[in-house]
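Input: a single structure, listed below in structure tokens.
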């Protein structure tokens, strides 16, 4: 995930999903949200592969990938 790489490198990126990640982290909700999105991932994929995918679900899917990638980081971003 490119955004996770940039966060680990210490580069400040102005992205909506990055700003939302920072809010979750400040409130201490990144781990519970990551767990919830992991459970929802099959539903998100099904919607994204359907004839009428939702952009909101795409954002949730991207957030779940970002949270997974950053949870493997040695450095807490």
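Numbering (the numbering used here), first residue to last: 590 to 666. Virtual Cβ for every residue (Gly too), placed ideally from N, Cα, C. Values in this document were obtained by computation on a predicted structure and should not be read as measured data.
Checklist entry - Enumerated in chain order, which unbroken segments of the alpha helix (DSSP H) with a length of 4 residues or greater are wholly contained in the segment 606–659? => result As far as the segment 606–659 is concerned, its whole alpha helix (DSSP H) runs of at least 4 residues are 619–637.
Next on the checklist: Would the segment 609–622 count as touching the segment 640–656 if we require 3 or more Cβ pairs under 8 Å?
Outcome noted: Cβ pair count under 8 Å is three or more, so yes.
Checklist entry - Quick one: Cα of residue 617 to Cα of residue 626, how far? => result Cα-Cα distance, rounded: 16 Å.
Checklist entry - Exposed or buried, residue 605, counting other C-beta atoms within 10 Å across all chains shown (16 or more means buried)? => result Label assigned to residue 605: exposed.
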